[in-house]
Each structure stands twice: as C-alpha cells, then as structure tokens.
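Asks: Residue numbers (the numbering used here), protein chains in the order written: chain A, 2 to 359; chain B, 316 to 701.
Backbone N, C-alpha and C define an ideal beta-carbon position, used for all residues, glycine too.
What you are looking at is a predicted structure, and each value in this text was computed from that prediction instead of being measured.
Structure in structure tokens, see below.
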Amino acid sequence: MLWQFSEALILYLEKWTGNMDQLLKSFLDNEILVYTIMAFVPLLWIVPYALFAVYLERKVSAHMQDRLGPMYTGGWHGWAQTIADILKLIQKEDIVPAAADKKLHLLAPYVVFIGSYAAFATIPFSSAYIGSNINIGLFYVIAVSSVVVAGLLMAGWSSNNKWSLFGAMRSAAQIISYEIPTAIAILVVVMIAGSLNLQEINQQQSGWFWNWFVFKYPPFVFVAFLIYFVASLAETNRTPFDIPEAESELVAGYHTEYSGMKFALFFLAEYANMFAVSAIAATLFFGGWNSPFGDFLGGPIWGVFWFLSKGMFFIFLQMWLRWTLPRLRVDQLMYVSWKVLIPWAFVCVVGVGLWTLL
Amino acid sequence: MFETGSDILKTSTGRTLRSEEMIINMGPQHPSTHGVLRLELVVDGEIVVDVIPQLGYLHRCFEKHSEAMNNYQQVIPYCDRLDYLASMNMDWAYALTAEKLLNLQVPERVEYIRVIMAELQRIASHLVALGTYGLDIGAFTPFLYMFRDRELILDLFEMTCGARLLYNYIWVGGVSHDLPPNFIQKTKEFCTYFKPQIKEYNDLLTYNEIFIKRTANVGVLPADVAVSYACSGPMLRGSGVDFDLRRDDPYGIYNRFQWDVCVGKGEVGTIGDCWDRYIVRMREMEQSVRIIEQALEQISEGDVMSAIPKRIRPNAGDCYVRTESPRGEIGFYLVSDGSGTPYRVKARSPAFVNLSVCPEICRGYMIADVVAILGSIDIVLGEVDR
C-alpha cells in the first residue's frame, strides 16, 4: 500500500517537475529571476550535506578508530555531534592577526567557497534539474574549480605566517599539477561522449549499468576513472594528499591563522569540493542520475536519489582513505602527478582513441 | 637527500648563486616537537639547510631539586617526571643507583616485579612513540589503536599502585606495594591479547607503501656517527649496532631470560634510516612480551618491603649506574657526603643525547622529513629539559 502510494506520489511530482526551469519560467516569467533561484538550489543541498558530511566523517573515523565522542554525544548513535561541533565553532573568537593583510584575510574563505560552489552550477542532479545546462559544462567545471587556488593563496599570504605561506605555495603547486591528470582523464570520457555537456553525457549512459562509461573500452576508461579519483583527492586536499594543511608539518598550513566560522567556511568549501568531484565522477563514469537497473526506479525524482547515492559513495571512499593512509611528501606528491598519473592518463587517451578508430 | 639551491644554481663561470634562505621556528608550539622543543630551521624553500635545537622551555631543575630533598627516597617522584612515558624505568634506574651506594640487596620477588613493570612500561612507551610517529607521518588511526592498547597496561599499573602515569612504585630497596592478587592472570591475558595486535600495526602502518616511502632512506644515521654522538637505545640499535645494556651490562635479573636484541638491518632502505629505528621499537615490544611471560612463569612469593631501609644514610662516596630505558641509556650519578641527603645528583638521559644528533641527520632533507626524523628519535622533553 505504502509502496503504491509513494510510486503514485513520485509520478505526480515528476509530472510537475519534469523540467524545473520550464516550470519556474511558467510561474515567474522572468529569466534572470528563474536562474537566480536555480543557482540557489545547490545551496539548499550543500549546507545540509556539509552538516551530514561532517557527521559522516566523524562516524567513519569513530568506527575505524574506536572514538567515543561521535558514538555518544546526544544519546542515540551520537546524533548531536555535529550540532555540538557547530555550537563550539560559533562560540570561537574571530581572530585576525595584527600583522595580517586584513582585507585579503577576511575575503579568502569566501573566495575558496565561491570556487567550490560555482562548480555546482553545471552539475546535473537529475534529468530535470541542472543549474545551467551549458554545452561546455565540463570545461566550465575544470576552469571554475581553479578559483580555489586563488583563495588558498590569499589565505596563506595574508596570514603573515611562514607556515601558512608554505601551505599556500604547496596547495597552488599541488592543485595546478593535479588538474592536468584530471583534465586528461576527463578527456577520455569526452572522447567517448563527443560532448562537454554533462546532461548529454548522462543521457548517453542510460539503460542498465553496463552502459556506464566506466565499463567501456576496458581497461582504459576504468584506469582513467582511477586516475581521476586519485587526482581529485589531491585537488580537494584529502589524505594522502593533504599536504597543504599537513597538521604535523605545517601546523595547519594555509588556515593556521583562521578561527571560528572563517575556519568553518574553509571546511564547508572542502566538503562542497569533495561532493563536486564525487558528483563529476558519478556523472562521467557511473551513469550520473541513471538507475543501474534500466527504467526500474528511474525518472527525475529517483534520479536525484541515484545521483546523490553515487556521490556519497565516493565521499565515503575519500573518508575511508583519510583514516587509513599516511601522508605523502611534497616531492613524492609531484612525482605521482607528473610521472605516474599523467603518462598513464595519456595511455588511456591514446587507447580509447585507437579503439574507437578501429 | 636534496641539494639546496645554493648547490644547484651555479653560473657558467663556476660562481654560485645563493638563493635566499629563511629561518623558520618549528616549535615550541608545534604538533611535532612533542612538548616544548623549539627547532630553528634554516630552509631553502622546502629543503632544510640547518637545524638548531633550542632547549629550555620546560626546564624544571630535576638535579638541583633532588639535592634539596630531605632524603634519597623523596627523589623518586621527581624521577617519575623525568621521562613521564617511562616512569618505571626512571625510578628503577635511580633506585638501583641508590641501592649500589647503600650496598643493598633486594628480595628476589622484587627483582621479578621490577622486570615485569619495566618491560610493560617499555611496551607502553614504545606504543606512544610508534603511535605518534604514525601521526607525524599523517596516519591517525594507528595512533589511536596503540593508545587503546596502552590503556590496558596503564590499567595494570593502576591496579598495582593506584597511578596511571607517575607511579612512585619502585622504591629504594623494594617496591611500594606487592602485586595485587589477580595481577599475574591479568598480565598473562594482556600478553595473549597484545601479540596479534602487533601484526595489526604492521598491516596498517609498518608495511604501508606510503609509510615506507616516507621513512626508508630518510634521516640515515651511520653506526659510527651514532657511536660518536653517544646515541643509545633504539636510536643506536636502529643503526645496526648490537648493543643493549640489558644483555651487555646486565642489571636486575635480565640474564635469566631468553630474548633477542633487535637491530636495524636496512630491510627496506639503508641501515640506520627512520624505518629501521621504527622497526626496532616494534620488534622490541615482541621481545618485551617474551620477557614478561617468562618472568610471570618464574616469579615466586615473598616479601617485597623487607629490604626497604627505614633511614637511608649511605657512606660518603659516589656511584654511577646505567640501565636500558625505552629511549636508551638512562644513568644516574650520585655523590653522597655521608648525610641523608644526596650531595650531588646527575642524570644522563638518553633523549637529550639522542637529540644532539638531530642536526647531523636532518640537513639536506625536506621539512616533512624533519618531522619524520624527529619522530624517529622519540624524544620526551621531560628528560631532555631536566
């Protein structure tokens, strides 16, 4: 009974939300207003997601490391841990070092967050919702996510702290280096799809899960996915590539001098970034919002479910790695990018290219 | 090892272009300086040109305080605070020195208890050293696993003497309390539990590819340099020098047990690198379990307080006794003027001596390596800054 009711409800919703921007246009009749609203929709996801991701991170670490706090705070399964974290952060004094470049220091966390957030504009959450369905979506994501580097450099430079400066320089070198294997791995998918439009890339993977690009042209696309995933870890500063903020070396790297909510904003950006790269991985390689079972549990509403589930799975993987692996050294990190990932990414491009020609 | 900018940038005429070096303070408030050490790093970019350890932030005047005590027994709580991760070993070293000065023979049961406590303490200390070492390299999980297991040892200490960190348990002439009734059983259970845990640490950290990349061939300390700097303990043995005071200058009843001295062999890198120092500690824990198990089998009943003197007043004279603490040779030099108060107390602490080799093995590596090297020295500032 309940199942039938939910099915009927979903069908009804799908009828009305078949194409969200069309729906909004019919109500508002003002394109700028429609796109402004559309741009804010991801924020409705990012903020609760960040809260949940912080909770998930603490739960994953608690299960892996026998931690007690996230298991007990608030009673049942430590549900209040994130709330406690937020309360603590809000109460922290907002410190700006006396010798800091104050304007840059205050601006940096916002620039970092904007860089992460802007990437969400082209992420296709379902067949009915995409912030901006532009035909260079993938190119836009790669370009706009680089803004983060500017924010991190601003944070490190303006703090007037040598450790922060080290962190900023490392992050600039790291993110720029790892964008190359990321871009080449993405190129493999672009070659298969013949499009930079993320919605179109999704549509090409519809049907059963064996239509997903990750299973095409074995093993080239799968290797490209691995390269993308490793490189995305580095781009989001996650272990084993958390070198810019390496707490045992650089104290806390570029955010050493940040406290309270400004510090939290860096973390919000990091979690937003984690989801962005996971969402791109899901879109490019794992069918995006497509159901793995063809039309079964398909459609725009279920699409959101599949898309978020796939994204969250990769986020779980990132967390799992964080609590398992040690950290690489700066030169080893560069070695991995320039001498391991980039050559193999080229091999994948050439492999897929030859395969399609043959 | 890396060449610094000044080595790389040479003009066609052979002149060297110096890049600007930067002085950066690692510590005293830094997560990797383990307490209150300050390392003054001279860096050329990320490459370390020189390291100058600056001490004195903790200094609490152990020796002068000891000389101001009313009697020899009152020094023991201060020994606890020397190396607060190996208080039992510190107390034992001091008690042995005072006993030698007094020419005192302790009961056999006390000897066994002291060995058991010292070896449990060695495991507990190595667990902190190895756990925080993982943390220095960026691995958080092994740190918590090792602290979890260390708690079990602290439970054993707590049931014996009521304290979890500063025990004041080993006294001159004996120990403060006899073992509680179920101590032997509980310790046996701990040994059974602990042996498989070492395998888990190895799976998680020791043979992790990234960990090996970070520690192998890093901070190589050749055997001759280690000897000339008077390094001791795992620092010395990591460099391949087969020397352990428990075997080579035996004290207590160590010569009654079967166990092996672990030395670095350069299994994944060079002899004397950070990984060797790490693996020596890991294997020493296995050997400590062996010793404890044998001691638990052999221990007999008896009074533990019969030899504790009511009033300690040694004849005028001096003596030096050294023992093997988890960090190396801890030695006490006591001078008696015939009164009840020590006339002069001098501690030879291993971490202080081991730290002196730090600049020697840090030059030419990167900042991240300094963290790895410092962690592998395993300093405790309580005994560095006595």
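Below 8 Å on the Cβ atoms is my contact criterion, and I expect ALA235/A with GLN175/A to pass it. Report the Cβ-Cβ distance as a whole number of Å.
Replies: Rounded, the Cβ-Cβ distance is 6 Å, consistent with contact.
Asks: Look at the alpha carbon of TRP80/A and the alpha carbon of LEU471/B, and state the distance between them as a whole number of angstroms.
Replies: TRP80/A and LEU471/B: Cα-Cα distance of roughly 34 Å.
Asks: If I measure Cβ to Cβ from ILE686/B and keep anything under 6 Å in the same chain, skipping five residues before and after, which residues do I get?
Replies: Before going further, note that residue 686/B is Val rather than Ile in the sequence given. Cβ neighbours of VAL686/B beyond the five flanking positions: SER347 and ASP451.
Asks: Quick one: does ILE688/B have its CB under 8 Å from some CB of chain A?
Replies: By this cut-off, ILE688/B is not an interface position.
Asks: Quickly, what does DSSP pair GLN369/B with across the bridge? List them, please.
Replies: ARG353/B.
Asks: For the stretch 327-353 of chain A, list every residue whose C-beta sits within 9 Å of some C-beta in chain B, in sequence order.
Replies: Taking 9 Å as the Cβ-Cβ cut-off against chain B, the residues of the stretch 327-353 of chain A that qualify are PRO327, ARG328, LEU329, ARG330, VAL331, ASP332 and GLN333.
Asks: Please go through the same chain and pick out, in chain order, the residues whose beta-carbon is closer than 7 Å to the beta-carbon of VAL191/A, but skip the five residues on each side of it.
Replies: Once the five neighbours on either side are set aside, the close Cβ partners of VAL191/A are LEU139 and LEU197.
Asks: Using alpha carbons as the reference points, say which of GLY208/A, ALA54/A and PRO293/A lies closest to ILE84/A.
Replies: It is ALA54/A whose Cα lies nearest to the Cα of ILE84/A.
Asks: What residue ranges within the stretch 126-200 of chain A form continuous alpha helix (DSSP H) runs of no fewer than 4 residues, ordered along the chain?
Replies: 138-145, 148-159 and 163-194, all fully within the stretch 126-200 of chain A.
Asks: With contact counted as at least three CB pairs below 8 Å, one residue from each stretch, are the stretch 287-306 of chain A and the stretch 195-212 of chain A in contact?
Replies: Yes: the two stretches touch, three or more of their Cβ pairs being nearer than 8 Å.
Asks: Taking only beta-carbon atoms, is THR240/A less than 8 Å away from chain B?
Replies: It does; some Cβ of chain B falls within 8 Å.
Asks: Who pairs with PHE509/B in a beta bridge, going by DSSP?
Replies: According to DSSP, PHE509/B bridges with nothing at all.
Asks: Got a sec? Which residues, its chain only, sit under 6 Å from ASP652/B by beta carbon, not counting five neighbours each side?
Replies: Contacts found: ALA631 and TYR658.
Asks: For ALA247/A, would you say it is in contact with chain B, using Cβ-to-Cβ distances shorter than 8 Å as the test?
Replies: Closer than 8 Å: yes.
Asks: Compute the Euclidean distance between the alpha carbons of ARG479/B and ASP395/B, then round it to the nearest angstrom.
Replies: About 11 Å.
Asks: Can you grab the Cα-Cα spacing for the pair GLU335/B / PRO674/B, in whole Å?
Replies: Roughly 20 Å between the two C-alpha positions.
Asks: Classify TRP211/A as helix, strand or coil using the three-state DSSP reduction.
Replies: Helix.
Asks: How would you write the range of the beta strand (DSSP E) that ASN340/B sits in, first residue to last?
Replies: Where ASN340/B is concerned, the enclosing beta strand (DSSP E) stretches over 337-341.
Asks: Closest by CA to PRO457/B, which one among GLU466/B, ILE468/B, LEU469/B and LEU442/B?
Replies: Measuring from the Cα of PRO457/B, the nearest candidate turns out to be LEU442/B.
Asks: Does chain B have any CB closer than 8 Å to the CB of THR237/A?
Replies: Taking Cβ atoms only, chain B never reaches closer than 8 Å to THR237/A, which makes this a no.
Asks: Here's the rule: buried if 16 or more other CB atoms are within 10 angstroms of the residue's CB, otherwise exposed. What is LYS263/A?
Replies: Per the 10 Å Cβ criterion, buried.
Asks: Closer than 6 Å by C-beta to VAL533/B: which residues in its own chain qualify, once you throw out the five before and the five after it? Chain order, please.
Replies: Cβ within range, chain order: ASP588, CYS589, ASP684 and ALA687.
Asks: What does a CB cutoff of less than 8 Å around ALA107/A pick up in its chain, not counting 5 residues either side in sequence?
Replies: In the sequence as displayed, the identity of residue 107/A is Leu instead of Ala. Cβ neighbours of LEU107/A beyond the five flanking positions: VAL97 and LYS263.
Asks: For VAL252/A, is the classification buried or exposed, using 16 other Cβ atoms within 10 angstroms of its Cβ as the cut-off for buried?
Replies: Its Cβ being crowded by 16 or more others within 10 Å, VAL252/A is buried.
Asks: Measure from the C-beta of LEU467/B to each C-beta in chain A and report whether the shortest distance is under 8 Å.
Replies: No, LEU467/B does not count as interfacial toward chain A.
Asks: Which same chain residues, not among the five before or five after ARG328/A, have their C-beta less than 7 Å away from its C-beta?
Replies: Taken in chain order, the residues that qualify are THR240, PRO241, ASP243, ILE244 and ALA247.
Asks: Along chain B, in chain order, which residues have C-beta atoms closer than 7 Å to that of ASP67/A?
Replies: LEU459 and ARG463, listed in chain order.
Asks: Alpha carbon to alpha carbon, what distance is there between ASN523/B and GLY453/B?
Replies: If you take the alpha carbons of GLY453/B and ASN523/B, they lie about 12 Å apart.
Asks: Please work out which residues of its chain come closer than 6 Å, Cβ to Cβ, to LEU417/B, disregarding the five sequence neighbours upstream and downstream, and give them in chain order.
Replies: Excluding residues within five positions, the ones whose Cβ falls inside 6 Å are PRO629.
Asks: Could you name the residues of chain A that PHE526/B contacts, counting a contact when the two beta carbons are closer than 8 Å?
Replies: Under the 8 Å cutoff, chain A gives PRO327.
Asks: Use the C-beta contact count for ASP398/B: other C-beta atoms within 10 angstroms, 16 or more gives buried, fewer gives exposed.
Replies: The residue in question, ASP398/B, is buried, as its Cβ has 16 or more Cβ neighbours within 10 Å.
Asks: Applying the 10 Å Cβ sphere with the 16-neighbour rule, what's the burial state of GLU639/B?
Replies: So GLU639/B counts as buried.
Asks: Are the C-beta of PRO511/B and some C-beta of chain A separated by less than 8 Å?
Replies: For PRO511/B, the answer is no, since every Cβ of chain A falls outside 8 Å of its Cβ.
Asks: Would you call ASN31/A buried or exposed, if buried means 16 or more other Cβ atoms sit within 10 Å of its Cβ?
Replies: It is exposed - the Cβ of ASN31/A has fewer than 16 other Cβ atoms within 10 Å.
Asks: Does GLU250/A get closer than 8 Å to chain B when you measure Cβ to Cβ?
Replies: Closer than 8 Å: yes.
Asks: Please classify PHE306/A: does DSSP put it in a helix, a strand, or coil?
Replies: Residue state, collapsed to three classes: helix.
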